[in-house]
Amino acid sequence: MFKLLTFSCLIALTSFLFSGCYPGGADFTEDYDVVYTNHSASYDFQGKSTYSMPDKIVVDVDIDKGDTIPVYMKQIYADPILQKIDDNMANLGWTKVDISTGPDVLLTPAGISSTTYYYDYWYCWWYGGWYGGWGWYYPPYVTVSSFTTGTLVMTIQDPNVDSPINSSVAVWVAGINGILSGAYNIGRITSGVDQAFSQSQYLKTN
Amino acid sequence: MTYAVGFGTGDLGEFNSQVSWRGFQIDMHKMLDLKMGLGGSFGWNVFYDEKDYDTYTDGTASLSGKQYRYTNALPLLASFNYYMNPGQKANFFVGLGTGVTYIRRNTDMNLYTIEQEAWAFTLEPEIGVEIQNNLNNAFTIAVKYFNGLAAGDFDKTQSYITLNVGWTFKS
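So the protein lines, in turn, are chains A and B.
Using this note's numbering, the first residue of the first sequence is number 1, and each one after it goes up by one.
Using this note's numbering, the first residue of the second sequence is number 207, and each one after it goes up by one.
Dropping the structure here:
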């Protein structure tokens with residue numbers, strides 16, 4: 001009896017250790033933030049010095065009767081992001097010029113959001129008794145949970161490189177991704193912009 | 207049955223540098239005589255590291271963020287123990303186990319995980335001592351070295367040491 005009791009206690013303790021105390025990972029939404037960059041190894045960034053960038057950030061595209069109409073991020077959110085990009089490019093030795101003057105490269109930022117939904121179906125079953133057979137209550141209970149991720153994508157293209165498809169290939173790409181929270185903390189994005197340039201020192205021209 | 211504190215060594219230790227405070231092992235032996243016991247063991251250790259924000263580079267690509275590293279190791283072994291001081295208060299023993307260890311390594315970043323797993327052939331030498339409480343049970347301390355050979359998604363040996371503290375029940 002003592003042995004059985006002791007074994008039971010140890011198994012209960014073990015279950016506690018491996019369920020309630022299983023290491024949990026991220027604590028805050030910021031802990032999910034990541035910054036990805038990649039570039040063309042053969043492209044000569046040091047030989048370039050000027051860039052152009054739109055003064056708006058596209059976040060979606062509406063298609064109306066065949067026409068594509070860009071949807072822009074509100075300027076109150078876009079401005080600090082664009083300013084942060086300009087600051088980082090200036091620190092790396094780049095000069096911003098108007099697109100009409102023929103810049104060496106184009107830098108285009110865009111925002112993307114994506115919502116993932118989880119569905120769980122809970123059926124209540126019944127047994128027909130006299131009438132026979134099994135069945136389900138209808139409709140089933142459905143629970144839904146979701147999270148939304150946001151990504152700021154920045155690309156650098158060289159419009160002076162000839163292409164058979166009249167489209168510039170990106171020579172640098174950065175993605176700043178995280179879970180969106182209700183706080184709309186723009187500082188998480190601007191920190192991501194800083195990180196994207198910090199880990200892309202090959203862009204340095206000065 | 208013992209509580210097992212784990213210390214990663216080699217490749218496992220590089221991946222998970224933190225001590226595993228989550229672990230247990232269950233050993234069962236049938237005594238062939240007063241000095242030799244033959245049986246098996248099963249255990250589970252969870253290694254976990256929360257890495258600081260850092261940048262990981264592969265070729266021209268770089269990825270920055272917080273990384274959460276998990277290793278689950280579940281050895282299932284046949285084992286042989288040799289007891290050196292039967293009948294005495296402190297009964298020292300040495301043992302050797304062999305079998306397989308299921309090893310699963312998860313590297314979590316953002317909402318994604320990279321999962322590697324293997325069933326690794328394992329050798330497990332151990333030393334320990336049983337402090338006899340009475341005829342029915344003994345306080346047990348042991349040190350075990352689990353050496354899982356490269357297998358599955360791992361091209362390097364996955365090894366760790368456990369410090370085991372618990373009780374041995376006799377019937």
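Think of the CB as a built atom: it goes at the ideal place given N, C-alpha and C, for glycine as much as any other residue.
Quick caveat, the model's predicted, so the values are computed rather than measured.
Determine, for residue 223(B), whether the minimum Cβ-Cβ distance to residues of chain A falls below 8 Å. The residue labelled residue 223(B) in the question sits at position 17 within the second sequence. It does not: the Cβ of residue 223(B) has no partner Cβ on chain A nearer than 8 Å.
Anything in chain A within Cβ reach of residue 315(B), meaning under 9 Å, just list it in chain order. As a first step, residue 315(B) is located in the second sequence; it is residue number 109 there, counting from the start. In chain order: 32 and 34.
Is the beta carbon of residue 336(B) less than 8 Å from the beta carbon of residue 297(B)? Residue mapping note: residue 336(B) aligns to position 130 of the second sequence, counting from 1. Residue mapping note: residue 297(B) aligns to position 91 of the second sequence, counting from 1. Going by C-beta atoms, residue 336(B) is nearer than 8 Å to residue 297(B).
Assuming residue 288(B) contacts residue 306(B) (C-beta within less than 8 Å), just tell me the rounded distance between them. Along the second sequence, read from residue 1 onward, the residue named residue 288(B) stands at position 82. Along the second sequence, read from residue 1 onward, the residue named residue 306(B) stands at position 100. So it is not a contact: roughly 23 Å between Cβ atoms.
For residue 339(B), which residues from the same chain have a beta carbon less than 7 Å from its beta carbon, with the 5 sequence-adjacent residues on both sides left out? In the second sequence, counting from the first residue as 1, residue 339(B) sits at position 133. Correct list, in chain order: 345.
Straight-line Cα distance separating residue 248(B) from residue 352(B): For the purposes of this step, residue 352(B) is taken as the residue at position 146 of the second sequence. For the purposes of this step, residue 248(B) is taken as the residue at position 42 of the second sequence. For residue 352(B) and residue 248(B), the distance between alpha carbons rounds to 12 Å.
If we ignore side chains and look at the alpha-carbon of each, how far apart do residue 216(B) and residue 223(B) end up? As a working mapping, residue 216(B) is identified with position 10 in the second sequence. As a working mapping, residue 223(B) is identified with position 17 in the second sequence. So the two alpha carbons sit approximately 10 Å from each other.
Residue burial classification, residue 117(A) (beta-carbon count within 10 angstroms, cutoff 16): The count along the first sequence starts at 1 and reaches residue 117(A) at position 117. By the neighbour-count rule (16 or more Cβ atoms within 10 Å), residue 117(A) is not buried but exposed.
Is the CB of residue 20(A) under 8 Å away from at least one CB in chain B? Taking the first residue of the first sequence as 1, we reach residue 20(A) at position 20. The predicted model places residue 20(A) with a pLDDT of 48, which falls under 50 and marks its position as unreliable, so this point remains unresolved.
Any Cβ of chain B within less than 8 Å of the Cβ of residue 37(A)? Mapped onto the first sequence, residue 37(A) falls at position 37. Answer yes: the Cβ-Cβ gap between residue 37(A) and chain B drops below 8 Å somewhere.
Within-8 Å CB hit, residue 88(A) to chain B: Here residue 88(A) refers to the residue found at position 88 when the first sequence is read from its first residue. So no, residue 88(A) is outside the interface.
Determine whether the Cβ of residue 91(A) lies closer than 8 Å to any Cβ atom of chain B. Counted from its first residue, the first sequence places residue 91(A) at position 91. So, not an interface residue.
Contact under 8 Å by Cβ, residue 359(B) with residue 323(B): Start at 1 with the first residue of the second sequence, and residue 359(B) comes out as number 153. Start at 1 with the first residue of the second sequence, and residue 323(B) comes out as number 117. Contact: yes.
Kindly indicate the opening and closing residues of the alpha helix (DSSP H) around residue 89(A). For this step, residue 89(A) is matched to residue 89 along the first sequence. Taken as a continuous stretch (DSSP letters only), the alpha helix (DSSP H) holding residue 89(A) covers 75-91.
Around the Cβ of residue 207(B), are there at least 16 other Cβ atoms within 10 angstroms (buried) or fewer (exposed)? Here residue 207(B) corresponds to residue number 1 of the second sequence, with the count starting at 1. Result: buried.
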